[in-house]
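Protein sequence lines correspond, in order, to chains A and X. In terms of the numbering used here, the first sequence opens at residue 438 and continues consecutively. In terms of the numbering used here, the second sequence opens at residue 555 and continues consecutively. By construction, the Cβ of each residue, glycine as well, lies at the ideal position given by its N, Cα and C atoms. All of these numbers come straight from a predicted model, not from anything done at the bench.
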Amino acid sequence: MTERRTLLGMAMFLIAEAVFFFLLILACKYFAAIPYLNSRSGWILTILLLASTASMWRGWRWGTIALGVIFLVGLWGTLSSVLTAVLGLFLFAGLIALAIVPVSALRTMALYWYFLTAVWLAIFLYVYRGGAA
Amino acid sequence: MSGFSAWLCAIDHKRIGILYMLSALLFMLAGGMEAMVLRAQLAAPNLKLIAPETYDQIFTMHGTTMIFLVAMPVLTGFGVYLTPLMIGANEMALPRLGALSFWLQFFGGVLLYISFATGAAPDAGWFSYAPLSEKAFSPGAGLDYWALALLMIAGSSIGSAINLIVTVATERAPGMTMRLVPLFAWMTLVASIMIVFALPALAASLVMLLSDRLLHARFFDPAQGGAPLLWQHYFWIFGHPEVYIVVLPAFGMISEIIPVFSRKPIFGYPFVATSTVAIAFLSYGVWVHHMFAVALGRNVLAVFAAASMLIAVPTGMKIFSWIATMWGGAIRFTTAMLFAIAFLLEFTVGGLSGVAFATVPVDWQLTDTYFVVAHIHYVLVGGTIFALLAGVHYWFPKISGRLLDEKLGRWSFWLIVLGFNAAFFVQHFLGLLGMRRRVYTYPDIPWFGALNLISTLGAGILVFGIVLFLANVAMSVYFGTVAGKDPWNAWTLEWAAASPPLLQNFAETPEVRSRRPLWDLKHPEAPDWGST
């Protein structure tokens, strides 16, 4: 019962997040100059985050956290835009939560992690690789 | 834990609800004083009581306060207090999220008001259009406070909305299907879903504004590829649903109060519930009617004009349902019922002027005039606040255990009705005569002085009525007649709990078989579920 509540709550939160990122990505795509992203570092970052998501799916909490930290450091080093800064903040909050939540909440946290991975894919593939609008 | 620290650490939904209400009351006093400063400055032509810059700050703070620090939190407070009781639950689904949401809301409000102390309160209006809100045109820190405070409040609203959604979805008493949920809980649920979809648009706008102001981004700067119109679109994608977010729970209150004081079940429950969903959907397709004065092309305007008129249909259905509920009923004219009836009239005036605005040429003529000011106050005061006052009179005995004084209640009712209409009805005429909103003074044109003076006097009477109402509340908490469980002979589950409810709302889980579980309990010979 508790897990049903938290899963539903997380789902609602992610709907709100989806609206938020959708509007922000749209604005960044069309109304803000996009900083250059080296394609190779972009792919390396993507593989790192996908690996951390795979680890999350297997339920390896600390593997996810380790890969997530490496991703964040890499993101910090290669890119600076509003979009990546906001995504970085959400990922950072997610890492803290992942480190401290009880095991019973890991399934709920996994939803959050999958979602942010999807947001990164949207940002990378649509905004940075999609070319100028 | 006891006393102060018990409130500080509270996670019980009833305490969180009361904290929301008290916080809204505190900020309402601030917003009300700001309104009186504005009305004093406008009382006569060519007055110069305050500087124009100060005037801009005051109207910005008044609008922001009343919408984000009063209307939203007080409705959330009622939602958090009443929803579990109405659906037969003992607690919200996510109690600690409830506490987090409240404190985010409260400190967001405090942050907004700290801007006064820095000498630079925000001054770009409650919707802070770019490029006026950009650093180049508003160099002070006021707008940074405004954006940060609203970002906190947006987060808080999303949190409390999620909590209410999960509560209605998972905590309902056995037997209570969605077709049997009380209409206040229904409409709170729909408003909460709207918050989840709408408030992120505000948050995204604020993140972009803050980035422009503090991080040299350029979302709203046309010289560098940005677009000021982007702010208008995003803000109103949030802003129009927001109108319904603060009016749907008020509709819910009316849908509870009118049946009880008419001694009839609500007329057309399925229509009242589903028209709410229709309003929620339509409200996302009408935002451009706030931007008719922007050259967007005739087809765009036509589509949004049609959608805006369409939304009057489900709203009108509700009005007819409430009237049909009263029709032939044994009406009891308590103060709560008086406010509910006044709501029907005042809100209809606001709704009709809204339909007028949906007509594009009318909007072009009246945009940014006092007609807009009159319209928004008839919707938000005549609608939300009147329903809220009905709700306070109705549920105060549940929350405090004591009845409000009916005689004082009637006095405050008539003063509020008189003051409100005197203050705002004449503003329709001022708008038609061409008086612009947000100007700090005006020349001595025929009628301008007289109508503004009536408006200011009306505002004074309104404040007097509100003070009388607050005095009634303050006195009744201590000296009111003890109410007992169910002073109105009502039908929904909150009246089965003690007044005020104990920490555990219900000693045993109530079972529900109809929309009026207490009627069934009181009339075992003719229960609602037996007749269908």
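* To do: Anything in chain A within Cβ reach of Ile719/X, meaning under 9 Å, just list it in chain order.
  => Here the question's residue 719/X lines up with position 165 in the second sequence. Per Cβ cutoff of 9 Å: Leu445, Gly446 and Met449.
* Asked: Of all the CB atoms in chain A, is at least one closer than 8 Å to the CB of Ser765/X?
  -> Start at 1 with the first residue of the second sequence, and residue 765/X comes out as number 211. Yes, because at least one Cβ of chain A sits closer than 8 Å to the Cβ of Ser765/X.
* Step through the CB atoms of chain X and report whether any lies within less than 8 Å of the CB of Ile533/A. => Translated into the one-based positions of the first sequence, residue 533/A becomes position 96. So, not an interface residue.
* Give the interface partners of Arg441/A over in chain X, defined as CB-CB distance under 7 Å, in chain order. => As a position in the first sequence, residue 441/A is number 4, starting the count at 1. Contact note: Arg441/A reaches chain X through Thr724, using a C-beta cutoff of 7 Å and chain order.
* Is the segment 610-627 of chain X close to the segment 658-678 of chain X, with three or more CB pairs under 8 Å? -> Short answer: they touch.
* Asked: How would you list, in chain order, the residues of chain X whose beta-carbon sits under 7 Å from the beta-carbon of Val456/A?
  -> Taking the first residue of the first sequence as 1, we reach residue 456/A at position 19. Chain-order list of chain X residues neighbouring Val456/A: Phe751, Pro754 and Ala755, by C-beta distance under 7 Å.
* To do: Note the first and the last residue of the continuous alpha helix (DSSP H) segment covering Pro868/X.
  => Sequence index remark: in the second sequence, residue 868/X carries index 314 (1-based). Going by DSSP, Pro868/X is part of the alpha helix (DSSP H) stretching over Ala866 to Met880.
* From Gly973/X to Met582/X, what does the alpha carbon distance come to, in whole angstroms? -> Reading the second sequence from its first residue, position 419 is the one you call residue 973/X. Reading the second sequence from its first residue, position 28 is the one you call residue 582/X. About 17 Å.
* Supposed contact pair Tyr924/X and Gly851/X - C-beta distance, whole angstroms, cut 8 Å -> Taking the second sequence and counting its residues from 1, one reaches residue 851/X at position 297. Taking the second sequence and counting its residues from 1, one reaches residue 924/X at position 370. Not a contact, Cβ separation roughly 28 Å.
* Going along the segment 819-844 of chain X in order, which residues come within less than 9 Å of chain A, judged by CB to CB distance? -> Using a CB distance below 9 Å, no part of the segment 819-844 of chain X faces chain A.
* **Whether Ile865/X touches Ser829/X by CB criterion (8 Å)** => To locate residue 865/X, count along the second sequence from 1; it is residue 311. To locate residue 829/X, count along the second sequence from 1; it is residue 275. No.
* At a CB-CB cut-off below 8 Å, which residues of chain X make contact with Leu469/A? -> Position 32 of the first sequence holds residue 469/A. For clarity, residue 469/A is Ala in the given sequence; the question names Leu instead. Below the 8 Å Cβ cutoff, chain X contributes Ala771, Arg772, Phe773, Gly779 and Gly780 as neighbours of Ala469/A, in chain order.
* Look at the Cβ atom of Leu958/X, then the Cβ atom of Asn1026/X, and state whether they are nearer than 8 Å. => What you label residue 958/X is simply residue 404 of the second sequence in a count that begins at 1. What you label residue 1026/X is simply residue 472 of the second sequence in a count that begins at 1. Yes, they are a contact pair.
* Stretch-stretch touch, CB-based, cutoff 8 Å, three pairs: the segment 892-906 of chain X with the segment 840-857 of chain X -> Not touching, per the Cβ criterion.
* To do: Taking Ala464/A as the query, report the chain B residues whose CB atoms sit under 8 Å from its CB, ordered along the chain.
  => Considering every chain present, this structure includes no chain B. Its protein chains are A and X.
* Any beta-carbon of chain X closer than 8 Å to the one on Ile537/A? -> Position 100 of the first sequence, counting from 1, holds the residue named residue 537/A. For Ile537/A, no CB of chain X lies under 8 Å from its own CB, so it is not counted at the interface with that chain.
* When Thr443/A, Met447/A, Arg566/A and Glu454/A are compared against Ala708/X, the one with the closest alpha-carbon -> Indexing the second sequence from 1 puts residue 708/X at position 154. For Ala708/X, the nearest C-alpha among the options comes from Glu454/A.
* Determine which residues share a DSSP beta bridge with Thr923/X and list them. => Position 369 of the second sequence, counting from 1, holds the residue named residue 923/X. Paired residues: Arg990/X.
* Is any beta-carbon of chain A found at less than 8 Å from that of Leu648/X? -> Reading the second sequence from its first residue, position 94 is the one you call residue 648/X. Output row for Leu648/X: interface = yes.
* Asked: To which residues of the same chain is Leu686/X closer than 7 Å at the C-beta, ignoring the five residues directly before and after it?
  -> Your numbering for residue 686/X matches position 132 in the second sequence. Within the same chain, Leu686/X has close Cβ partners Ala678 and Ser692.
* 8 Å Cβ cutoff, Ile641/X in contact with chain A -> Position 87 of the second sequence, counted from the start, is the residue given in the question as residue 641/X. Not an interface residue.
* Look at the alpha carbon of Ala804/X and the alpha carbon of Trp918/X, and state the distance between them as a whole number of angstroms. => Here residue 804/X is taken as the residue at index 250 of the second sequence, counted from 1. Here residue 918/X is taken as the residue at index 364 of the second sequence, counted from 1. Across the structure, Ala804/X and Trp918/X are spaced so that their CA atoms are roughly 30 Å apart.
* Asked: Is there a Cβ from chain A that is less than 8 Å from the Cβ of Ile570/X?
  -> Residue numbering aside, residue 570/X sits at position 16 when the second sequence is read from its first letter. It does not: the Cβ of Ile570/X has no partner Cβ on chain A nearer than 8 Å.
* **Closer than 9 Å at the beta carbon, the chain X residues around Leu526/A** => As a first step, residue 526/A is located in the first sequence; it is residue number 89 there, counting from the start. What Leu526/A touches in chain X: nothing, since even the nearest Cβ is about 10 Å away.
* Where Phe716/X meets chain A, residues with beta-carbon distance less than 7 Å -> Taking the first residue of the second sequence as position 1, residue 716/X is located at position 162. The amino acid occupying residue 716/X in the given sequence is Ile; Phe does not appear at that position. Within chain A, the residues near Ile716/X are Gly446, Met449 and Phe450.
* To do: Please report how far the alpha carbon of Leu461/A lies from the alpha carbon of Thr995/X, in whole angstroms.
  => Residue 461/A sits at position 24 when you count from the first residue of the first sequence. Residue 995/X sits at position 441 when you count from the first residue of the second sequence. Approximately 39 Å between the Cα atoms of the pair.
* To do: My understanding is that Ala625/X touches Thr938/X, with C-beta atoms under 8 Å, so please give their C-beta distance in whole angstroms.
  => Along the second sequence, one-based indexing puts residue 625/X at 71. Along the second sequence, one-based indexing puts residue 938/X at 384. About 6 Å separates the two Cβ atoms, so the contact holds.
* To do: Output yes or no for whether 8 Å exceeds the beta carbon distance between Pro599/X and Pro997/X.
  => As a working note, residue 599/X is residue 45 in the second sequence. As a working note, residue 997/X is residue 443 in the second sequence. The answer is yes: Cβ separation under 8 Å.
* Please determine, among Ala695/X, Gly1034/X and Ala928/X, the residue with the shortest C-alpha to C-alpha distance to Arg991/X. => For the purposes of this step, residue 991/X is taken as residue 437 along the second sequence, with counting starting at 1. When C-alpha distances from Arg991/X are compared across Ala695/X, Gly1034/X and Ala928/X, the shortest belongs to Ala928/X.
* Below-8 Å beta-carbon distance, Leu453/A vs any chain X residue -> Counting from one through the first sequence, the residue named residue 453/A turns up at place 16. Per the sequence shown, residue 453/A should be read as Ala rather than Leu. Judged by the 8 Å Cβ criterion, Ala453/A is in contact with chain X.
* Give a yes or no on whether the minimum CB-CB distance between Ile970/X and chain A is below 8 Å. => Counting from 1 along the second sequence, the entry for residue 970/X is found at position 416. No, its Cβ sits nowhere closer than 8 Å to a Cβ of chain A.
* From Gly955/X, Val926/X, Ile712/X and Ile570/X, pick the residue whose C-alpha is nearest to that of Met748/X; which is it? -> In the second sequence, residue 748/X corresponds to position 194, counting from 1. The alpha carbon of Met748/X has as its nearest neighbour, out of Gly955/X, Val926/X, Ile712/X and Ile570/X, the alpha carbon of Ile712/X.
* Asked: How would you list, in chain order, the residues of chain X whose beta-carbon sits under 8 Å from the beta-carbon of Leu461/A?
  -> Numbered from 1 along the first sequence, position 24 holds the residue referred to as residue 461/A. Within 8 Å Cβ-Cβ: Ala758, Val761 and Met762.
* To do: Return helix, strand or coil for Arg767/X, following the three-state DSSP convention.
  => As a first step, residue 767/X must be located in the second sequence, where it is residue number 213. Residue state, collapsed to three classes: helix.
* Option nearest Trp1049/X by Cα separation, candidates Pro1071/X, Thr1035/X and Ala1028/X -> Translated into positions along the second sequence, residue 1049/X becomes position 495. Of the listed residues, the one whose Cα sits closest to Trp1049/X is Pro1071/X.
* Contacting residues, own chain, Cβ-Cβ under 6 Å from Ile452/A (five flanking each side not counted) -> Numbered from its first residue, the first sequence carries residue 452/A at position 15. None.
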